[in-house]
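All residue numbers for the sequence shown refer to this note's numbering, where the first residue is 28 and numbers rise by one.
We put the CB at the ideal spot given by N, CA and C, even for glycine.
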Amino acid sequence: MEKRVVIITGPTGSGKSELAFLLAKTLGTEIIVADSRQIYKELVIGSAQPSKDKQQQIRYHLLSSLNLSENFNAARFEALSDSIIGSLLGENKIPVIEGGAGLYLRALIGGIVEIPGETDVYRRELNDLLLREGREFVYNLLCEEDPETAKTLLPQNYKRVIRALEVKRATGKSIQWFFSHQEVKRSYDSLQFGLLRERDDLYRRINERVDKMIDAGLVEEVKGILSVGYDAGINPLNTVGYKEIIAFLRGEFELDTAIELIKRNSRHYAKRQMTWFRKQPGIEWCSITNDDGYNKIVEKIIKKIQKPNER
Numbered sequence: 028m029e030k031r032v033v034i035i036t037g038p039t040g041s042g043k044s045e046l047a048f049l050l051a052k053t054l055g056t057e058i059i060v061a062d063s064r065q066i067y068k069e070l071v072i073g074s075a076q077p078s079k080d081k082q083q084q085i086r087y088h089l090l091s092s093l094n095l096s097e098n099f100n101a102a103r104f105e106a107l108s109d110s111i112i113g114s115l116l117g118e119n120k121i122p123v124i125e126g127g128a129g130l131y132l133r134a135l136i137g138g139i140v141e142i143p144g145e146t147d148v149y150r151r152e153l154n155d156l157l158l159r160e161g162r163e164f165v166y167n168l169l170c171e172e173d174p175e176t177a178k179t180l181l182p183q184n185y186k187r188v189i190r191a192l193e194v195k196r197a198t199g200k201s202i203q204w205f206f207s208h209q210e211v212k213r214s215y216d217s218l219q220f221g222l223l224r225e226r227d228d229l230y231r232r233i234n235e236r237v238d239k240m241i242d243a244g245l246v247e248e249v250k251g252i253l254s255v256g257y258d259a260g261i262n263p264l265n266t267v268g269y270k271e272i273i274a275f276l277r278g279e280f281e282l283d284t285a286i287e288l289i290k291r292n293s294r295h296y297a298k299r300q301m302t303w304f305r306k307q308p309g310i311e312w313c314s315i316t317n318d319d320g321y322n323k324i325v326e327k328i329i330k331k332i333q334k335p336n337e338r
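Structure below.
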C-alpha cells in the first residue's frame, strides 16, 4: 500500500476533532494537531483542546507543546509535522492530521512557497499608517488592492495584511497566486476530508461550545495567563475567545456582552474558514447532521484509504 496521510479539517465547531479521534482509534494511529492555538500549553479551554480522557487514549503530537513566549508559524509546523509523519509511516501507521489552520495545512501539503516582494520602504509606510490610522484602515487598503486575500484575513492579522500588500505592490499579483503555484513533492499522498454541517446546526454548536468554555473556566484561564505577566497583545491572545475576555477583564463591557461577542466572532470566523477551504483543491466534503454520522464518515474514509481512486 502506498504511503498516505489523512487530513481532517473544517470550520470551527464542526466536530472535526471528534471525527479525527474516532478515526485514529479505528486505525490504531496518532493525531498531529494543526491548530495555531492548541500548540500552547496555557491555551487549554479557549482553544478547545481535546479532553484528558482522549489524550490518554490517543497520542496527540504538537498539542500543548510550547509556552506562549515561543513563536510558532506555518514553516515550523511544516518541518515538525513532516518529521512526525515520517516516523509514523515508518511504524506502518497512517498519520491523522486534524485542524482548521488553513495556512498550516497548505504548508504541509504544498510546502512553504518563496514569495518575492519584501520592500522595507513600503513596509515602513504601512506600519506608519497602522500606528496613525489603525488596523481597519490598513485592512481596507487590502480590500481595495487584493480583495481575494482580504476575504481570508482579519484586520487584527495585520502582519499578514501588510505582507499581502507588499507582495501586491512589488509584483502586481495577489499573494494567493503564489500560493496556488507552489509545488512540493512529498513521499506520501494526502487524503483530505472536510466536515460540513448546515449553517444553523454549526452556529448552534458554536454557541453551545462557547457556553461550555465559560462554564469550564475560560475567564479564570485568561486571568491566570495575565497574572504571570504575559502581554495581552501577543498574537495567540489576540484571537476569538481570549481577546473578548481580556476586554471584559479590563472593564470595557460586562461578561454577558463578552460571551455574545465570542459567539458572534466565532460564527464569523467559521464563515471565513469556509470561504478559504472552498478555494483549496482536493478536499472531499462529508456532510453530517448528528453525532451518529461520525462512524459512517470513518467507514467512508477507511474505504478511501484502501481504494483512493474510487468515487
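Subject >> Closest Cα partner of Arg-190 within the set Gly-251, Val-246 and Arg-151 >> reply: Your numbering for residue 190 matches position 163 in the sequence shown. Taking Arg-190 as reference, the option from Gly-251, Val-246 and Arg-151 with the minimal CA-CA separation is Arg-151.
**OP:** Note down, in chain order, each residue of its chain lying with its Cβ closer than 7 Å to the Cβ of Glu-38, except the 5 sequence neighbours on either side.
**Re:** Position 11 of the sequence shown, counted from the start, is the residue given in the question as residue 38. Before going on, a small fix: residue 38 reads as Pro here, not Glu. Within the same chain, Pro-38 has close Cβ partners Gly-127, Leu-229, Ala-297, Gln-300 and Met-301.
Original post:
Which class does Asp-216 belong to by DSSP, given the choice of helix, strand or coil?
Top reply: Sequence index remark: in the sequence shown, residue 216 carries index 189 (1-based). Residue state, collapsed to three classes: strand.
Original post:
Shortest alpha-carbon distance to Ser-92 belongs to which of Leu-107, Arg-277, Gln-83 and Lys-81?
Top reply: As a working mapping, residue 92 is identified with position 65 in the sequence shown. Nearest neighbour of Ser-92 by Cα position, chosen from Leu-107, Arg-277, Gln-83 and Lys-81, turns out to be Leu-107.
Subject >> Selected residue, minimal CA-CA separation from Ala-101, among Ile-85, Ile-136 and Val-71 >> reply: As a working mapping, residue 101 is identified with position 74 in the sequence shown. Cα-wise, what sits closest to Ala-101 is Ile-136.
**OP:** Kindly indicate the opening and closing residues of the beta strand (DSSP E) around Arg-64.
**Re:** As a first step, residue 64 must be located in the sequence shown, where it is residue number 37. Annotation for Arg-64: no beta strand (DSSP E) segment contains it, and DSSP assigns it neither H nor E.
Original post:
Going by the beta-carbon positions, is the gap between Ile-121 and Ile-59 smaller than 8 Å?
Top reply: In the sequence shown, the residue the question calls residue 121 occupies position 94. In the sequence shown, the residue the question calls residue 59 occupies position 32. Result no, Cβ atoms of Ile-121 and Ile-59 do not sit closer than 8 Å.
**OP:** Indicate whether the contact test is met: 3 or more Cβ pairs, each with one atom in the segment 53–68 and one in the segment 231–239, closer than 8 Å.
**Re:** The answer is no - the segment 231–239 does not touch the segment 53–68, with fewer than three Cβ pairs under 8 Å.
**OP:** Give a yes or no on whether the C-beta atoms belonging to Val-10 and Tyr-215 are separated by under 8 Å.
**Re:** Because the chain spans 28 through 338 in this model, residue 10 falls outside it and cannot be assessed.
Subject >> Proximal residues to Gly-55 (C-beta, below 8 Å), its chain only, five neighbours per side dropped >> reply: Counting from one through the sequence shown, the residue named residue 55 turns up at place 28. A distance below 8 Å between beta-carbons, with the five flanking residues on each side excluded, links Gly-55 to the following residues of its chain, in chain order: Lys-120.
**OP:** Could you pull out every residue in the same chain whose Cβ sits closer than 8 Å to the Cβ of Thr-339, ignoring the five residues on either side in sequence?
**Re:** Residue 339 falls outside the range modelled here, since the chain spans only 28 to 338, and no answer is possible.
Original post:
When you compare only the Cα positions, how much space is there between Tyr-9 and Lys-79?
Top reply: This structure cannot speak to residue 9, because the chain is shown only from 28 to 338.
Original post:
What do you get for Phe-104, buried or exposed, if any count of 16 or more other CB atoms within 10 angstroms of its CB means buried?
Top reply: In the sequence shown, counting from the first residue as 1, residue 104 sits at position 77. That one is buried.
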